[in-house]
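Notes follow once the structure below has been shown.
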Amino acid sequence: MKSLQDRLVVVGEPLATLEEFFPGEGTFEEKGIIYSSIIGRVLIDKHKRELGVIPFKTLLVPKPGFRVIGMVTGFSNHYANVEIFCMNGVKLDHEYTGVIGRESLGKSHSRFRGINVRTYVSENDMVYGIVISTVNTILLDISYREYGVVKAYCKFCGNTLVLSGKGLFCPLCRNNEKRKISIFYGESIERLVSRT
Ligand SMILES: [Zn+2]
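Quick note: my numbering has the sequence shown finishing at residue 196, numbered continuously throughout.
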């Protein structure tokens, strides 16, 4: 089991002792102390009892397994385009564009498959998802219960929609809308960033 810590460490920062861990990539050892040799985040492999540091830059290039937050900016063919503005707990300066398509709903959501992608996300929605492929495009998966739309706006009046049963509801114009909703719908952006 591996765990990635939130905190950024700097070059030469003491991280642990040799009694606690074996020094992994991105570290050096001196007199029984493990130090970081790069700027990045600490990755602990409990199984191997190894402590390494992953470079900050690596954290900012999308890879399968990375969790992201983004905004749906539009649709092209059978895909929704998502401007990714947060990944791995880091707010991004230059945004990556990901896509949501039928493959994003997995096998567990057979009820969504075969249906237009607009059935589960709309323009300007904020979504929380996980990267499943970076081969041609950054493909996001939103099938699991934690993933999906985390903030959405009413298509008639622009007011923020609130949860109502299994759907969304506009308190102003009493409009009902449907999405693939995350269990974290309505959480503050800071809380959501900490989940990536
Ligand atoms: Zn409304």
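Glycine included, every Cβ here is placed at the ideal spot set by N, Cα and C.
Open item on the list: Please state whether the Cβ-Cβ distance between Val193 and Ile69 is less than 9 Å.
Closed with: Counting from one through the sequence shown, the residue named residue 193 turns up at place 193. Counting from one through the sequence shown, the residue named residue 69 turns up at place 69. Cβ atoms of Val193 and Ile69: closer than 9 Å.
TODO: Buried or exposed for Phe66, please, with buried defined as at least 16 other CB atoms from any protein chain shown within 10 angstroms of its CB.
DONE: Mapped onto the sequence shown, residue 66 falls at position 66. Its Cβ being crowded by 16 or more others within 10 Å, Phe66 is buried.
Task: Leu172: CB within 8 Å of a non-hydrogen atom of ligand 1 - done: Stepping through the sequence shown from its first residue, residue 172 is reached at position 172. Yes - ligand 1 has a heavy atom lying nearer than 8 Å to the Cβ of Leu172.
Open item on the list: Taking 8 Å as the cut-off, is the beta-carbon of Gly158 closer than that to any non-hydrogen atom of ligand 1?
Closed with: The residue labelled residue 158 in the question sits at position 158 within the sequence shown. It does: the Cβ of Gly158 is within 8 Å (strictly closer) of some heavy atom of ligand 1.
Open item on the list: Looking at ligand 1, does it come within less than 8 Å of Asn124, judged from the CB to the closest heavy atom?
Closed with: As a first step, residue 124 must be located in the sequence shown, where it is residue number 124. No; taking the cut-off as 8 Å, the Cβ of Asn124 has no heavy atom of ligand 1 nearer than that.
Open item on the list: Let me check you understand the geometry: is the CB of Asn175 closer than 8 Å to at least one non-hydrogen atom of ligand 1?
Closed with: What you label residue 175 is simply residue 175 of the sequence shown in a count that begins at 1. Under cutoff, so the answer is yes.
- [ ] Taking only the alpha-carbon atoms, compute the straight-line gap between Val121 and Val149 and give it to the nearest angstrom.
- [x] Counting from 1 along the sequence shown, the entry for residue 121 is found at position 121. Counting from 1 along the sequence shown, the entry for residue 149 is found at position 149. Straight-line Cα distance between these residues: approximately 7 Å.
TODO: Return the CA-CA distance between Leu60 and Asp125, expressed in angstroms with no decimal places.
DONE: Your numbering for residue 60 matches position 60 in the sequence shown. Your numbering for residue 125 matches position 125 in the sequence shown. Distance between the alpha carbons of Leu60 and Asp125 is about 23 Å.
Open item on the list: Between which residues of its own chain and Tyr35 is the CB-CB distance below 6 Å, once the five residues before and five after are set aside?
Closed with: Taking the first residue of the sequence shown as 1, we reach residue 35 at position 35. Excluding residues within five positions, the ones whose Cβ falls inside 6 Å are Gly12, Pro14, Phe28.
Task: Within 9 Å, strictly: CB atoms of Ala16 and Ile38 - done: Indexing the sequence shown from 1 puts residue 16 at position 16. Indexing the sequence shown from 1 puts residue 38 at position 38. The answer is no: Cβ separation not under 9 Å.
Open item on the list: Tell me the DSSP secondary structure of Arg118 in three-state form.
Closed with: If you number the sequence shown from 1, residue 118 lands on position 118. Looking at Arg118 - three-state DSSP - the assignment turns out to be helix.
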